[in-house]
Structure formats: C-alpha cells, structure tokens
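J.: Provided herewith is a single structure, encoded as structure tokens, for subsequent inquiry.
Protein chains in written order, with our numbering: chain Y, 1036 to 1146; chain P, 340 to 454.
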C-alpha cells in the first residue's frame, strides 16, 4: 500500500531553475522523509523532517511540512543536470517503525 | 562493508522455481527492511526486522514469500513457486534506529526476472 502520493508525477526543467515536488499522505505521522533514486539504483536519503517541524533546509534542498493538510513539499533550488532522478517521500504509519513510500516524482533537468 | 550489500544483483529464473535473495546490512544496524519496486512505482513495503524477529510482515503478498534473519544480521528473502508477477527490483535497507526515528540506508537492489 502507498501512504503518500507525489505530485507532479513527472517534471522537466532547465538547469538553474527551481524544482518543487509535493507529497500528500493519509495518516498521522512522526516524521516525513525524502529520498532520491537514480535510475536502476537504490534509494538515498536526502532529508528528514519531524512532525513538530514546519521547515528544514539542507544545502540546495528546502522541505516544508503542513500536518494540518497532511502534505509536504521538496524544493530544489538552482537545479543541475545531476539532480535528474526520481524523488520519493516516505512516512511512518504513525505508530510503527516501517516507512511507507509514495509513488514518486521523476525529475529531468536539461543542461 | 561500508554499505548495505545485496546479492545477486540480477536473477533470472523460470516460473515455478525457488529463489533466495540475500541482504547484508550495515554492521550494527538492528533494523532491516525489505521492499519490492516495480518499474515506475515507489518501493512497496514487504517486511521489517528488529534484531532476529520480524516486527511487521504485513506487506508480504502471500505465503510464497518468506524472510529470515537468524542471527540478527544477514537476511534472506525466499520466494517459492515464482510467478511472472514477482518480477521486480527487491530492495533491502537497514537502520540503526528504525524508520520512525531516522533514515534508512538502501542497497543497490536485486532485480528478479521470472520468465
């Protein structure tokens, strides 16, 4: 089962532009995480935001969390061709240690 | 090794055969997860171990799927009587704390193709 859904499903931009991806989830959470996956590879953790946090930064990444709307957004600023990948949000199911992943956003950054 | 290791990286088998996929987690990580990912989809949770015990196996699709972690380190995902619909990338991840507290570290996956 999928807890989260990302929007858009696919995004194409030029280098230097910003990329924004959104994630909506269904149940209450303790934290929300974003992962990146290059084609055919494993997932790499990008950032974790806790349910009592509203915004978090890491380098060119900015994540927001709105628990009242059960949604999060990932902003990648000044994108690079190397940012081309699929991006997934993942949440715990509220009272378990398992992480449930969303459907993903496929980002293509053109040089 | 420094990261999560999965073997084999690719496995091609015939319908009806038995398959084992192995995961060697990061040393000292007590939590271990198995996910299945079909092309263009997000990872789908299968099972989660804390130590040697399966803390949550609610994602296993049916009784053809079974996973063990006898010594609390290496885990094996076992699939009996494989079907074409089992074809997917099988991902393993480990964590020092469990997903409710921290990040998961993923291996590169085992791609299973059932002919």
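Heads up, the beta-carbon is just placed ideally off N, CA and C, and yes, glycines get one too. These numbers were taken from a predicted model, which means no experiment stands behind them.
(1) Could you tell me how far apart the beta carbons of residue 452/P and residue 351/P are, in whole angstroms, since I believe they sit closer than 8 Å?
(2) With DSSP run on the structure shown, which of helix, strand or coil describes residue 1128/Y?
(3) Counting only beta-carbon atoms, is residue 395/P nearer than 8 Å to chain Y?
(4) Assuming residue 1111/Y is part of the beta strand (DSSP E), what are its boundary residues?
(5) Taking 8 Å as the limit between beta carbons, can you name the residues of its chain near residue 471/P, skipping five residues before and five after?
(6) Using a Cβ-Cβ cutoff of 7 Å, what residues of the region 1102-1135 of chain Y are near chain P? List them in chain order.
(7) Are the C-beta atoms of residue 1137/Y and some chain P residue less than 8 Å apart?
(8) Output, in sequence order along the chain, the residues in the region 1076-1098 of chain Y whose CB is closer than 8 Å to any CB in chain P.
(9) With a Cβ-Cβ cutoff of 8 Å, do residue 1055/Y and residue 1100/Y count as a contact?
(10) If you scan the region 375-432 of chain P from start to end, which runs of the beta strand (DSSP E) of 3 or more residues do you find wholly inside it?
T.: Taking the geometry as given:
(1) Taking the second chain and counting its residues from 1, one reaches residue 452/P at position 113. Taking the second chain and counting its residues from 1, one reaches residue 351/P at position 12. The Cβ separation is near 5 Å, so the contact holds.
(2) As a first step, residue 1128/Y is located in the first chain; it is residue number 93 there, counting from the start. Coil.
(3) Within the second chain, the letter at position 56 stands for residue 395/P. Closer than 8 Å: yes.
(4) For the purposes of this step, residue 1111/Y is identified with residue 76 of the first chain, where counting begins at 1. That run of the beta strand (DSSP E) goes 1106-1111.
(5) Since the first residue of chain P shown is 340 and the last is 454, residue 471/P is not available in this structure.
(6) 1123, 1127, 1131, 1132, 1133, 1134, 1135
(7) Position 102 of the first chain holds residue 1137/Y. Cβ-Cβ to chain P under 8 Å: yes for residue 1137/Y.
(8) 1076, 1077, 1078, 1079, 1080, 1083
(9) Residue 1055/Y sits at position 20 when you count from the first residue of the first chain. Residue 1100/Y sits at position 65 when you count from the first residue of the first chain. No. Outside cutoff.
(10) 383-389, 392-395, 404-407, 414-418
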